[in-house]
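Student: Starting off with a structure, shown below.
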Amino acid sequence: MTILFLAMAKALAPFLALVLSGLLLLIVTAFLPKEKTRLLFYPTLLALAGTTILVATNWVDGFPLEGGMVISDRIAYGFDLVFLLSVFLSTILSRETEEGNAHGGEYYVLTLFATAGMVLMAHSRDLLLLFIALEIMSLSAYILTSYRQSAKGAEAGMKYFVMGAFASGFLLYGIALIYGATGSTDFSVITQAGAGATGNSLWLIRIGVALLLIGFGFKIAAVPFHFWAPDVYEGAPTPVTALMASGVKAAGFVALVRLVIAFAPFTALPWVKILSVLAFLTMTIGNLIALKQTNIKRMLAYSSIAHAGYALVGLAASIKNGQIQEEALAAVLFYMFAYSLMTIGAFAIVVAMGRKGDEVDEIGDYAGLSEHHPALAAAMALFMISLTGIPPTLGFIGKFYLLRAAVSSGLIGLTVVAVLNSVISAFYYLSVVMVIYFQKEKGYRLPQLSYTLLFAVSFTAMAVIYLGLFPEELFQVAKQSFQAVVF
Amino acid sequence: MLFQFGNVLVFIALAVGFVFINLFIGQLIRPSVPSTMKGTSYECGEEPVGSAWLNFNIRFYIIALLFIIFDVEIAFMFPIGVVFKQWVAEGRGMIALAEILVFALILLFGLAYVWIKGDLEWVKKLGNQGK
Amino acid sequence: MQLFFFYLFSLITLSGAVLVVAHPNTLSSAMSLIVSLFGVACLFVLLAAPFVATMQLLLYAGAIMVLFIFVIMLLNPSTNRLVKRLSFGGLLGILISSYLAVILVLRVVSFNKPEEVAISSDYGSLREVGQLLFSTYLVPFEVTSLLLLVAIIGAVVLGRQSLPGGRS
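Encoded structure:
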């Protein structure tokens, strides 16, 4: 029994580290006077960095740990790294905004708890635990969304909460049906029981899986479950928006990856068709509506929908004749990493453009940024180019791996659509670049940039270029995460 | 066991039935003389002033919310109390205690946080307040 | 006999739920929700889950409904009564949800009658639930307390915004 506990604790170590530091900061924040709570910025980063090191060493060990309902394999650790990176960077952004400064340390505590939820999602081997982890993440995200005391923030938080609760309903119903058919919520038991399932129970599992897909579809903002995203992204504080576009989305994808691995081999559903249609709709509609946006946060929201679509292409490619294609899943993981870096970079510049307590969201406001602050303008241009998917940036490499997987799984049509979508997306991404470089300045003065923000921008920019040129090692990491996937 | 719940159901049915049957009989035998005075809200004989709908203090809500969260905690602890003795008898008492303590400790942090912050006070000190 | 009660309680649940949506008065909607939740609790009893049924009554029909009514009083619905109009979106929603309902019902009706499963007399009892919470479901159980903690923080953080009109 004690051994079991130790195994469990070891498997859950990254989660426990985050929770413990969150609890510690919670008590500290209660004692600190309000002016001093900004100091919690440093311990938060320290906790995130420490957890990252822990996860990285565990990944290198590579020995899958199991205990209770927890599985700590390289898939989990690989996604953990994406979560931790995106939370780390978006926390750095929060330093420059109202949330990180004036409104108490709960912001940092909730960030840590949200991360803990994401990590636990990656580590769950059980639908019930997966659900609770998702709720921890989502609940923290709802609160962070309406952290700013404004009507817009409250509206965004409310919308996010109601849509999230709706999605949770789908998830629970799906879990209930699967439990009813197999008598368990554990993935490994489900796959065993499901392999022999026929008739009623197979149908129950299928309906359950469909409901789960809808539920997670909401979380990754896949079309047609995307309609909450633009309003929420716009209304939330920019660092939180960055977190939602990167970490929360990646958490949705880790759940989908687990779902595909567990259920695709035996349910005999038209997985490839379902995921392809989802990917097609998500890419196309996201990109088409993004064309019309004038608000940069809304534009990035639709862009994030479109990028979820590209990643779904990889997910669709991961099933070929009922067999899991590890390379395609690795491409999904790689793409989540790449997309998180690029989009947080772009959001960092959105933060940089705003003054404290005041956001500058209109694309027109970026006019003349190149004269004003050439380095920032160049970085923004780089992120836009990378989001479009033009070489030699990380965005191009990510898409390349995804589409290569799609071609090798025989999804030629979907590949063509994805390429066409990249062309469409060039219009709105590059129009931002045009505004920055070729439009006359409107007299907007850029505020003084802080070192933390400069660090975030330069780190993401360098990573986008460096990994764009030398992606091979990172892709190997992603690929090794998916070696011999089983439940 | 279902049978025992049958008793509960019978009681509920009787209770609900009692109300409606009485109302129905009253309806049959009472005289009906409506007037505006009878339609007003009952205020112990006083004339009611203003509307019965009024916005009340949001602190009621916050405290009720906190109460419910701890209520749920107790709901989770309850079934564990039932099996605790059995686990102690099986020599797994320390493990069971540790499991409960972890659960309660996490929430204890929440209680401490709320307490220190002053959110349990009816009139919260303005210095601590958000804005 | 059990089947009769199942349909009876389902009827109570569903009619309560329909009233929640259809009733023009918000407070009456909330009251109908209690009826619906009560029906669900009865269904839990039929499913040999008395603990869940009790919690359903105590927490949902009791405590959480009080919060609902708090909010309704707080928002003062006499001044902004809900206006019900059938919009295009509403129509689309009705169509899609009835389509899904028809699919589900057709699928379930086509199922063969499942064979009866014998369960132990202890099944679903408090003891059984406690045993499971301590062993199989230990991790979700412990993690639930974190979820509750996040909820506490949320209540405090979001509640510090005083609504206009509220005295504080």
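Residue numbers (our numbering), protein chains in the order written: chain B, -13 to 473; chain L, 10 to 140; chain A, 27 to 194. Backbone N, C-alpha and C fix where the C-beta goes; we use that ideal spot for every residue, glycine too. This one's a predicted model, so the numbers in the text were calculated from it and none came from an experiment.
1. Across the region 450 to 467 of chain B and the region 373 to 380 of chain B, are there enough close Cβ pairs to call them in contact, namely three or more that are closer than 8 Å?
2. When you compare the CB of T52/A with every CB in chain L, is at least one pair closer than 8 Å?
3. Within 8 Å (strictly less), CB to CB, does L9/B reach chain L?
4. So that I know if they touch, is there some Cβ in chain L lying closer than 8 Å to that of M81/A?
5. Is W124/L close to chain A, meaning its C-beta is less than 8 Å from at least one C-beta of that chain?
6. Less than 8 Å between the C-beta atoms of V46/B and M(-6)/B, yes or no?
7. Quick one: which chain A residues come within Cβ less than 8 Å of F20/L?
8. Please confirm if the region 70 to 77 of chain B is in contact with the region 324 to 331 of chain B, defined as three or more CB-CB distances below 8 Å between the two stretches.
9. Does the Cβ of G59/L have 16 or more other Cβ atoms within 10 Å, making it buried, or fewer, making it exposed?
10. For V68/B, which option in R134/B, G203/B, S232/B and L389/B has the closest C-alpha, if you only look at C-alpha atoms?
11. Spell out the partners DSSP gives N281/B in its beta bridges.
12. According to a CB-to-CB cut-off of less than 8 Å, which residues of the region 163 to 181 of chain A neighbour chain C?
13. Quick one: what does DSSP say G53/B is sitting in, helix, strand or coil?
14. Here's the rule: buried if 16 or more other CB atoms are within 10 angstroms of the residue's CB, otherwise exposed. What is L129/L?
15. For L116/L, go through chain A and note every residue whose CB falls closer than 7 Å to its CB, in chain order.
16. Thinking C-alpha only, which one of L83/A, L126/A, E168/A and V97/A is nearest Y70/L?
17. Please classify L29/A: is it buried, with 16 or more other beta-carbons within 10 angstroms of its beta-carbon, or exposed?
18. Which runs of the alpha helix (DSSP H) fall wholly inside the region 91 to 177 of chain A and span at least 4 residues, in chain order?
19. Locate the alpha helix (DSSP H) running through E21/B, then write down its first and last residues.
20. Here's the rule I'm using: 16 or more other beta-carbon atoms within 10 Å means buried, otherwise exposed. How should K385/B be labelled?
21. Shorter than 8 Å from the beta carbon of I13/B to some beta carbon of chain L?
22. With DSSP collapsed to three states, give me the class of S110/B.
23. My output table needs one value for S7/B: the three-state DSSP class, helix, strand or coil.
24. So what does S58/B bridge to, in DSSP terms?
25. Can you check whether the CB of F17/B is closer than 8 Å to the CB of L106/B?
26. What first and last residue would you give for the alpha helix (DSSP H) that runs through V92/L?
27. Spatial neighbours of V195/B within its chain, please: C-beta separation below 8 Å, excluding the five flanking residues on both sides.
28. Could you work out which residue in M230/B, R81/B and A(-1)/B is closest to F27/B when comparing CA atoms only?
29. Going by beta-carbon coordinates alone, are L435/B and A338/B separated by less than 8 Å?
30. For R186/B and chain A, any beta-carbon pair shorter than 8 Å?
31. Could you spell out where the alpha helix (DSSP H) holding M144/B opens and where it closes?
32. Who are the Cβ neighbours of Q469/B in its own chain at under 8 Å, not counting the five residues just before and after it?
33. Thinking just about the alpha-carbon of each residue, which of A391/B, E348/B, I335/B and Y414/B is nearest to the one in A365/B?
34. With S394/B as the anchor, note down where its alpha helix (DSSP H) starts and where it stops.
35. As a quick exercise: from T177/B, L51/B and A367/B, pick the residue whose alpha carbon is nearest that of L(-2)/B.
Tutor: According to the structure shown:
1. Yes, the region 450 to 467 of chain B is in contact with the region 373 to 380 of chain B.
2. Counting from 1 along the third sequence, the entry for residue 52/A is found at position 26. Taking Cβ atoms only, chain L never reaches closer than 8 Å to T52/A, which makes this a no.
3. Stepping through the first sequence from its first residue, residue 9/B is reached at position 23. Chain L has a Cβ within less than 8 Å of the Cβ of L9/B.
4. Taking the third sequence and counting its residues from 1, the one referred to as residue 81/A is at position 55. So, interface residue.
5. The residue you call residue 124/L lines up with position 115 of the second sequence. Taking Cβ atoms only, chain A never reaches closer than 8 Å to W124/L, which makes this a no.
6. Start at 1 with the first residue of the first sequence, and residue 46/B comes out as number 60. Start at 1 with the first residue of the first sequence, and residue -6/B comes out as number 8. Contact flag unset, no.
7. To locate residue 20/L, count along the second sequence from 1; it is residue 11. In chain order: nothing, as chain A lies at least about 13 Å away.
8. The region 324 to 331 of chain B and the region 70 to 77 of chain B touch, with three or more beta-carbon pairs separated by less than 8 Å.
9. Against the second sequence, residue 59/L aligns to sequence position 50. Burial state of G59/L is exposed, judged by a 10 Å Cβ sphere holding fewer than 16 other Cβ atoms.
10. Reading the first sequence from its first residue, position 82 is the one you call residue 68/B. With distances taken between CA atoms, V68/B lies nearest to S232/B out of R134/B, G203/B, S232/B and L389/B.
11. As a first step, residue 281/B is located in the first sequence; it is residue number 295 there, counting from the start. N281/B is bridged by DSSP to E348/B.
12. As a matter of chain content, chain C is missing from the structure shown, whose protein chains are B, L and A.
13. In the first sequence, residue 53/B corresponds to position 67, counting from 1. In the structure shown, G53/B sits in a strand (DSSP, three-state: E or B).
14. Here residue 129/L refers to the residue found at position 120 when the second sequence is read from its first residue. Around the beta-carbon of L129/L, fewer than 16 other beta-carbon atoms lie within 10 Å, marking it exposed.
15. Position 107 of the second sequence holds residue 116/L. Residues of chain A passing the Cβ test: S171, L174 and L175.
16. In the second sequence, the residue the question calls residue 70/L occupies position 61. With distances taken between Cα atoms, Y70/L lies closest to V97/A.
17. For the purposes of this step, residue 29/A is taken as residue 3 along the third sequence, with counting starting at 1. Exposed.
18. DSSP runs (the alpha helix (DSSP H)) wholly in the region 91 to 177 of chain A: 91 to 101, 114 to 135 and 152 to 160.
19. Counted from its first residue, the first sequence places residue 21/B at position 35. Run containing E21/B: none; DSSP gives neither H nor E here.
20. As a first step, residue 385/B is located in the first sequence; it is residue number 399 there, counting from the start. Buried, since its Cβ has 16 or more Cβ neighbours within 10 Å.
21. Position 27 of the first sequence, counted from the start, is the residue given in the question as residue 13/B. Yes, contact with chain L.
22. Within the first sequence, numbered from 1, the residue matching residue 110/B stands at position 124. Annotated three-state conformation of S110/B is strand, per DSSP.
23. Locating residue 7/B in the first sequence gives position 21, counting from the first residue. In this structure, S7/B counts as helix in the three-state DSSP scheme.
24. Position 72 of the first sequence, counted from the start, is the residue given in the question as residue 58/B. L51/B, per the DSSP bridge assignment.
25. Within the first sequence, residue 106/B is the residue found at index 120, counting from 1. Within the first sequence, residue 17/B is the residue found at index 31, counting from 1. No, these two residues do not count as a Cβ contact at 8 Å.
26. What you label residue 92/L is simply residue 83 of the second sequence in a count that begins at 1. Boundaries of the alpha helix (DSSP H) around V92/L: I67 to A98.
27. Within the first sequence, residue 195/B is the residue found at index 209, counting from 1. Result list for V195/B: G160, I164, L245, F249, T253 and L255, in chain order.
28. If you number the first sequence from 1, residue 27/B lands on position 41. Here the closest residue by C-alpha is R81/B.
29. Locating residue 435/B in the first sequence gives position 449, where the first residue counts as 1. Locating residue 338/B in the first sequence gives position 352, where the first residue counts as 1. The Cβ-Cβ distance between L435/B and A338/B falls below 8 Å.
30. Translated into positions along the first sequence, residue 186/B becomes position 200. It is worth fixing the name first, because residue 186/B is Asn in this sequence and not Arg. Closer than 8 Å to some Cβ of chain A, the Cβ of N186/B qualifies, so yes.
31. Taking the first residue of the first sequence as position 1, residue 144/B is located at position 158. A137 to T168 is the span of the alpha helix (DSSP H), which, as asked, contains M144/B.
32. Here residue 469/B corresponds to residue number 483 of the first sequence, with the count starting at 1. Result list for Q469/B: R60 and E312, in chain order.
33. Here residue 365/B refers to the residue found at position 379 of the first sequence. Across the set A391/B, E348/B, I335/B and Y414/B, the C-alpha of I335/B shows the shortest separation from the C-alpha of A365/B.
34. Within the first sequence, residue 394/B is the residue found at index 408, counting from 1. Taken as a continuous stretch (DSSP letters only), the alpha helix (DSSP H) holding S394/B covers L380 to S394.
35. By one-based count along the first sequence, residue -2/B stands at place 12. Comparing Cα positions, the closest option is L51/B.
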